[in-house]
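Structural data, given as structure tokens:
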């Protein structure tokens with residue numbers, strides 16, 4: 003598949019987008035900051051498909067900046083069932099994805115990898131897969147990023163706006179995650195921390211800084 007200017011999409015299979023961004027080299031077994039996209043990095047407009055409608059959530063910018071300063075890879079992992087459902091295609095995703103990355107760069111922060119899963123049980127054709135291992139809450143996207151970037155998943159952090167995000171982190175072997183506008187919870191081997199206000203953000207920033215040191 004290709005976008006509107008003929009550039010091939012970075013699809014490793016029909017429903018999985020894996021895009022390495024930039025050329026930053028990280029030490030072996032680095033931890034990563036994993037981020038959901040819609041509702042976490044940008045305002046969720048319900049199946050975002052128009053780049054003109056993309057608006058960043060400013061709360062996440064300091065976290066990405068902290069990871070950049072600490073030399074920690076920043077990895078977006080996003081479910082995109084709108085593609086499976088036929089609401090839009092990979093070209094629309096590419097345009098929105100590019101807009102998100104451009105807006106982040108405009109704020110002086112950067113992402114190192116984007117993974118997107120389009121599989122869903124309500125999909126059509128090859129994308130109609132129930133409980134695909136790459137779709138959160140399954141850990142496939144995090145594990146794939148870990149393999150490609152040689153990450154220490156246990157030390158990595160997950161931030162999202164849905165329980166499926168933190169569940170994916172837990173299943174990938176992470177020890178903690180932050181839930182945007184959610185509530186804290188303690189689970190076996192995994193801590194969910196809430197991310198509501200500046201105090202909560204301070205805890206996330208401290209965790210990122212600790213990894214960098």
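Numbering (the working numbering), first residue to last: 3 to 215. By construction, the Cβ of each residue, glycine as well, lies at the ideal position given by its N, Cα and C atoms.
7 Å Cβ cutoff met for residue i and residue j
i	j	result
residue 184	residue 195	no
residue 145	residue 174	yes
residue 120	residue 85	yes
residue 31	residue 167	no
residue 44	residue 111	no
residue 171	residue 160	yes
residue 101	residue 53	yes
residue 81	residue 138	yes
residue 17	residue 129	yes
residue 157	residue 33	yes
Environment of residue i [buried if 16+ CB atoms lie within 10 Å]
i	result
residue 215	exposed
residue 124	exposed
residue 109	exposed
residue 190	exposed
residue 38	buried
residue 75	buried
residue 113	buried
residue 68	buried
residue 96	buried
residue 65	buried
For residue j and residue i, the rounded distance between their alpha carbons
i	j	result
residue 136	residue 169	13 Å
residue 59	residue 140	25 Å
residue 163	residue 41	6 Å
residue 14	residue 117	10 Å
residue 207	residue 187	19 Å
residue 62	residue 127	35 Å
residue 176	residue 48	28 Å
residue 19	residue 12	6 Å
residue 5	residue 94	Confidence at residue 5 is low in this model, with a pLDDT of 39, below 50, so its placement is unreliable and no value can be given for it.
residue 133	residue 87	15 Å
residue 143	residue 115	11 Å
residue 202	residue 179	12 Å
residue 103	residue 55	14 Å
residue 105	residue 199	22 Å
residue 27	residue 131	35 Å
residue 29	residue 192	25 Å
Residue range of the unbroken beta strand (DSSP E) whose run includes residue i
i	result
residue 160	159-162
residue 178	178-182
residue 15	13-15
residue 30	Segment: none, residue 30 is in no beta strand (DSSP E) and carries neither H nor E.
residue 212	Segment 200-214 is the alpha helix (DSSP H) holding residue 212; no beta strand (DSSP E) there.
residue 187	187-189
Segment limits, alpha helix (DSSP H) that includes residue i
i	result
residue 169	165-173
residue 194	No alpha helix (DSSP H) contains residue 194, which is instead part of the beta strand (DSSP E) from 192-197.
residue 18	No alpha helix (DSSP H) holds residue 18; the beta strand (DSSP E) holding it covers 18-22.
Enumerate, from N- to C-terminal direction, the unbroken alpha helix (DSSP H) stretches of 4 or more residues contained entirely within the segment 58-130. 63-72, 83-86, 92-108
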